[in-house]
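Protein chains in written order, with the working numbering: chain A, 1 to 191; chain B, 1001 to 1437.
Just below is one structure, and these are the notes that go with it.
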Amino acid sequence: MATVAKRAARARQAPRRRKAPAPARRQFAKNADGILREVEQFLYRQAELLDSKRWSDYIALFADDGRYWMPASPEQTSGDGVPSIFYEDRNLMTMRMKRVTHPHAWSQAPAWGTSHLVSNVTLEAADSRTGDLIVRSRFHMMEFRRDASRHFAGTYRHELRKTKDGYRIKLQRVDMVNGEAPFDFVLQAWV
Amino acid sequence: MMRNGSDDLARLVEFDRVHRSVYTDDAIFEREMETIFQRAWLYVGHQSQVPKPGDYCTALVGRQPLIMVRHSDGEVYVLYNRCAHRGAMLCANSRGNTGATFGCSYHSWQYRTDGTLESIPLPGGYEGTRLKPGATDYNLRRAARVDSYRGFVFASLTSSGPSLIEFLGEARIAFDNMCDRAPAGELQIVPTCFRFIQHSNWKIFMENQLDALHPYVTHESSGRAAIEVERQLAARKQQPPLEYHYLSAFITPFHEWDKLQTVNYPHGHCLLQGYMGLRPQDPDTLAYEAVMREHYGAEGAERILGVNIHHVLLYPGLSVQPALQQLRAVRPLAPDRTLTEIWHFRLKGAPEAIYRRALAYYNLINSPSTMVNADDLENFWRCHQGLASDGGDWVSFHRSAGQDDDRDGVITSRRGTSEAPMRNQFRAWKQYLSGEQ
């Protein structure tokens, strides 16, 4: 939490060093703290929905044309036409939800749970006209399944669209630092 | 549990059932490594992984860490990943370009990419020793036999045995059909490899590959979910993407699976044909088929595209899906630990849309977020747990035993759900372990 506070503080201080900030920039800067707080809450809520397996509420965070993308390697710049660990639109996300909740999804039988921590939240870009944002953060997920624990950690990059109902995800990019290791069992839900 | 005599083998592997210890016993696993994985032709990699001199990639073949490398003369060499000096591993990365030589990180012995020793720092100091200039015993050791078939590189760690082409036999259609589907007749590997550790014996995976009885049960949840989303889209007047069919096809009912056919060859190889409607009539497929006719003529193209093989198993370590351009290599690590590596290919000269189809299969079915293999791995684990228990001694492969057609050692199943492929694998297993193969 200290890091977020420091970053928020830095974001507050940043414009004071600028001699002649552009009007739009100043607008963003003035609200940076508020935007950051709002976006942090959004990320925490997303993590909470995953950890509580509220799949359809999770999917609803994505825009109608939104995508969840976990690249196969960090050099990839787009999920289009290249191998990915996940590259899902809302239709595929719905399919995944329907699969894991089916009573005969055998691999769902052993109880499993996750706990996500999201931190190091920074604003990469903000469109002062639309309110759309690009937000970077780091996550650490611990999963418990059938007496065994796994850890996945890495970076989230959210491209968020501002709507009257709050933010919606246009693209969530998930780079796992251990994503190229051999997988011990598979990933059945989003990370 | 297991001694060397063929009496023991006969007791463990009967015509229609096998003893559980072949999956769980440490001594039997050791013997498999010596008699199967030290002898058979095992997949190393594809030549397109190392296009330029100095390009290399590493592979675990049997228990041996090997390097596949392109030499300056264009040849591909398969070398042990071990410095001849003090034994340090040479390539710590799984792939890269080493330039003209491999240099050891410990004392900088340098080797050319054909494995010959090029130089040792401070050449003075070896006078009167057995390390003579030009001596070949300090080259990198090469795999005993290396050969390739249509770009697929194999190694055998033993100098005797059938040639690669004899070993592959009729099952080489796995590679022929995949390559022929490329208008240019060649493949390009996509350099992403997804890897999984299965907590189960390697044979459980191999037996599952052509098991037409399991998808309707194991993959019910995936099939139902895909059908529901297909219906939702249809209700919104949207065309479901073709790849959804790869998932919904899993819940084809039992009697439909029974109409398929398995063909079982010597050396334990087998194939499953006639499944999944792999020749749709969408505009992308039609455009591709037109390109194929340009290259092969109408008859030639038809001969290639008319082959409907879903899976070919090249025993003991490879599972190939020619029409979907996928390949899985199986690397046993322990009786209850198996590494699988999954690759896919581009067809040279084919439209991009055809690659996209293979990619969709790779992402949906074979990636670490697979909506399908999760339930396979669960069942493999459950099988291994059960087989390790004293709850029973035998694994049943009775289905259609004695009812399939055997012609000169090629066994064709009369029904798709016959357990002929499992029996055929154990026919080869027994031959390997008794030294007949």
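Heads up, the beta-carbon is just placed ideally off N, CA and C, and yes, glycines get one too.
No experiment lies behind these values; they were computed from the predicted model shown.
Check: Does the pairing of the segment 1336-1345 of chain B with the segment 1217-1236 of chain B give three or more beta-carbon distances under 8 Å?
Finding: no
Exercise for the section: Kindly list, in the order they appear in chain A, the residues whose Cβ is closer than 8 Å to that of M1089 (chain B). Expected result: Taking the second sequence and counting its residues from 1, one reaches residue 1089 (chain B) at position 89. Going along chain A, no residue has its Cβ under 8 Å from M1089 (chain B), so there is no contact; the nearest lies around 18 Å.
Is P1368 (chain B) close to chain A? Criterion is C-beta to C-beta, closer than 8 Å.
Taking the second sequence and counting its residues from 1, one reaches residue 1368 (chain B) at position 368. For P1368 (chain B), a Cβ of chain A is located within less than 8 Å of the residue's own Cβ.
Subject >> Expected contact under 8 Å - CB spacing of R96 (chain A) and M1371 (chain B) to nearest Å >> reply: For the purposes of this step, residue 96 (chain A) is taken as the residue at position 96 of the first sequence. For the purposes of this step, residue 1371 (chain B) is taken as the residue at position 371 of the second sequence. With a Cβ gap of about 6 Å, R96 (chain A) and M1371 (chain B) count as contacting.
Review point. Is E1039 (chain B) buried or exposed, if buried means 16 or more other CB atoms sit within 10 Å of its CB?
Key: Within the second sequence, numbered from 1, the residue matching residue 1039 (chain B) stands at position 39. The amino acid occupying residue 1039 (chain B) in the given sequence is Arg; Glu does not appear at that position. By the neighbour-count definition (other C-beta atoms within 10 Å, threshold 16), R1039 (chain B) is a buried residue.
| message | In whole angstroms, give me the CA-to-CA distance for Y1023 (chain B) and L1079 (chain B). | response | Reading the second sequence from its first residue, position 23 is the one you call residue 1023 (chain B). Reading the second sequence from its first residue, position 79 is the one you call residue 1079 (chain B). Approximately 31 Å, taken between the alpha carbons.
Do you know offhand how far S1434 (chain B)'s Cα is from L1009 (chain B)'s?
Locating residue 1434 (chain B) in the second sequence gives position 434, counting from the first residue. Locating residue 1009 (chain B) in the second sequence gives position 9, counting from the first residue. If you take the alpha carbons of S1434 (chain B) and L1009 (chain B), they lie about 8 Å apart.
Rounded to a whole number of angstroms, what is the C-alpha to C-alpha distance between V1330 (chain B) and L1318 (chain B)?
Working through the second sequence from its first residue, we reach residue 1330 (chain B) at position 330. Working through the second sequence from its first residue, we reach residue 1318 (chain B) at position 318. Going from the Cα of V1330 (chain B) to the Cα of L1318 (chain B) covers about 6 Å.
Exercise. Establish whether the CB of A22 (chain A) and some CB of chain B are separated by less than 8 Å.
Key: Mapped onto the first sequence, residue 22 (chain A) falls at position 22. Since pLDDT at A22 (chain A) reaches only 47, below the 50 mark, its modelled position is unreliable, and the value read off the structure follows with that caveat. False, the Cβ-Cβ gap to chain B never drops below 8 Å.
Got a sec? Which residues, its chain only, sit under 7 Å from Y1362 (chain B) by beta carbon, not counting five neighbours each side? To locate residue 1362 (chain B), count along the second sequence from 1; it is residue 362. So the qualifying residues of the chain are Q1326 and H1344.
TODO: Verify whether the separation of the beta carbon atoms of I1309 (chain B) and N1208 (chain B) is less than 8 Å.
DONE: Counting from 1 along the second sequence, the entry for residue 1309 (chain B) is found at position 309. Counting from 1 along the second sequence, the entry for residue 1208 (chain B) is found at position 208. Contact: no.
Is there a C-beta anywhere in chain B that falls below 8 Å from the one on S84 (chain A)? Residue 84 (chain A) sits at position 84 when you count from the first residue of the first sequence. The beta-carbon of S84 (chain A) is placed less than 8 Å from the nearest beta-carbon of chain B.
I'd like to know whether the C-beta of A1388 (chain B) is nearer than 8 Å to at least one C-beta of chain A. As a first step, residue 1388 (chain B) must be located in the second sequence, where it is residue number 388. No, because no Cβ of chain A sits closer than 8 Å to the Cβ of A1388 (chain B).
Proximal residues to A1301 (chain B) (C-beta, below 7 Å), its chain only, five neighbours per side dropped
The residue given as residue 1301 (chain B) occupies position 301 in the second sequence. Excluding residues within five positions, the ones whose Cβ falls inside 7 Å are E1289, M1292 and R1293.
Output the boundary residues of the alpha helix (DSSP H) element that contains Y58 (chain A). Stepping through the first sequence from its first residue, residue 58 (chain A) is reached at position 58. W55 to A60 is the span of the alpha helix (DSSP H), which, as asked, contains Y58 (chain A).
Q.
Quick check: what's the CA-CA separation for L1117 (chain B) versus R1414 (chain B)?
A. Along the second sequence, one-based indexing puts residue 1117 (chain B) at 117. Along the second sequence, one-based indexing puts residue 1414 (chain B) at 414. Spanning the two alpha carbons is a distance of roughly 56 Å.
Q: Pull up the distance between the alpha-carbon of W1429 (chain B) and that of Y1077 (chain B), whole angstroms please.
A: Taking the first residue of the second sequence as position 1, residue 1429 (chain B) is located at position 429. Taking the first residue of the second sequence as position 1, residue 1077 (chain B) is located at position 77. Taking the straight line from one Cα to the other gives about 29 Å.
Cβ separation of L61 (chain A) and I134 (chain A), assumed to be a contact under 8 Å, to the nearest whole Å: In the first sequence, residue 61 (chain A) corresponds to position 61, counting from 1. In the first sequence, residue 134 (chain A) corresponds to position 134, counting from 1. Rounded, the Cβ-Cβ distance is 16 Å, inconsistent with contact.
- Item | chain B residues whose Cβ lies nearer than 8 Å to that of S107 (chain A) | For this step, residue 107 (chain A) is matched to residue 107 along the first sequence. Those are A1374, D1375, L1377 and E1378, listed as they occur along chain B.
Q) Assuming A1401 (chain B) and R1423 (chain B) make a contact with CB atoms under 8 Å, what is their CB distance in whole Å? A) Within the second sequence, residue 1401 (chain B) is the residue found at index 401, counting from 1. Within the second sequence, residue 1423 (chain B) is the residue found at index 423, counting from 1. Sure, about 7 Å apart at Cβ, within 8 Å.
Compare the C-beta of I1120 (chain B) against all C-beta atoms of chain A and say whether one is closer than 8 Å. In the second sequence, counting from the first residue as 1, residue 1120 (chain B) sits at position 120. It does not: the Cβ of I1120 (chain B) has no partner Cβ on chain A nearer than 8 Å.
* Hey, quick one: how far does the beta strand (DSSP E) through K162 (chain A) stretch, first residue to last? -> Taking the first residue of the first sequence as 1, we reach residue 162 (chain A) at position 162. Its beta strand (DSSP E) spans residues A148 to T163.
Next on the checklist: Would L1066 (chain B) and V1050 (chain B) be called neighbours here (beta carbons separated by less than 8 Å)?
Outcome noted: Position 66 of the second sequence, counted from the first residue, corresponds to residue 1066 (chain B). Position 50 of the second sequence, counted from the first residue, corresponds to residue 1050 (chain B). Against a cut-off of 8 Å, the Cβ pair of V1050 (chain B) and L1066 (chain B) comes out as no contact.
DSSP state of I1120 (chain B), grouped into three classes? As a working mapping, residue 1120 (chain B) is identified with position 120 in the second sequence. If DSSP states are grouped into helix, strand and coil, I1120 (chain B) belongs with coil.
(request) Taking G154 (chain A) as the query, report the chain B residues whose CB atoms sit under 7 Å from its CB, ordered along the chain. (result) Looking up residue 154 (chain A) in the first sequence gives position 154. Residues of chain B passing the Cβ test: none, with the nearest at roughly 14 Å.
- Query: For W55 (chain A), which of A:T101, A:W69, A:H116 and A:D64 has the nearest alpha-carbon?
  - Reply: Numbered from its first residue, the first sequence carries residue 55 (chain A) at position 55. Minimum Cα distance to W55 (chain A) is reached at A:T101.
*asked:* When you compare the CB positions of Y1315 (chain B) and V1410 (chain B), do they come within less than 8 Å of one another, or not?
replied: Locating residue 1315 (chain B) in the second sequence gives position 315, counting from the first residue. Locating residue 1410 (chain B) in the second sequence gives position 410, counting from the first residue. No.
A63 (chain A) CB to nearest heavy atom of the ligand PLP below 7 Å:
Questions concerning the ligand PLP fall outside what the structure shown contains, since it holds no ligand whatsoever.
What are the start and end residues of each continuous beta strand (DSSP E) run of 3 or more residues lying completely inside the segment 94-144 of chain A, in chain order? 112-126
| said: For S1222 (chain B), would you say it is in contact with chain A, using Cβ-to-Cβ distances shorter than 8 Å as the test? | reply: Locating residue 1222 (chain B) in the second sequence gives position 222, where the first residue counts as 1. Interface residue, yes.
Note to self: Tell me whether the segment 1194-1210 of chain B and the segment 1014-1030 of chain B touch, counting them as touching only if at least three CB pairs, one residue from each stretch, are closer than 8 Å.
What the structure shows: yes
If distances are taken between C-alpha atoms only, which option among B:D1137, B:S1119, B:Q1321 and B:G1115 comes closest to L1210 (chain B)? Reading the second sequence from its first residue, position 210 is the one you call residue 1210 (chain B). Per the Cα distances, B:Q1321.
**Prompt:** Counting only runs that start and end within the segment 1052-1087 of chain B, where is the beta strand (DSSP E) found for 3 or more residues in a row?
**Reply:** 1055-1061, 1064-1070 and 1076-1080
Exercise. So, using beta-carbon positions, are V177 (chain A) and G154 (chain A) closer together than 8 Å?
Worked result: Looking up residue 177 (chain A) in the first sequence gives position 177. Looking up residue 154 (chain A) in the first sequence gives position 154. It is a contact, given that the beta carbons lie within the stated cut-off.
- Item | Residues near G1161 (chain B) by beta carbon distance below 7 Å, same chain, minus five either side | Sequence index remark: in the second sequence, residue 1161 (chain B) carries index 161 (1-based). R1039, listed in sequence order.
According to DSSP, is K1237 (chain B) part of a helix, a strand, or is it coil?
Locating residue 1237 (chain B) in the second sequence gives position 237, where the first residue counts as 1. In the structure shown, K1237 (chain B) sits in coil (DSSP, three-state: anything other than H, G, I, E or B).
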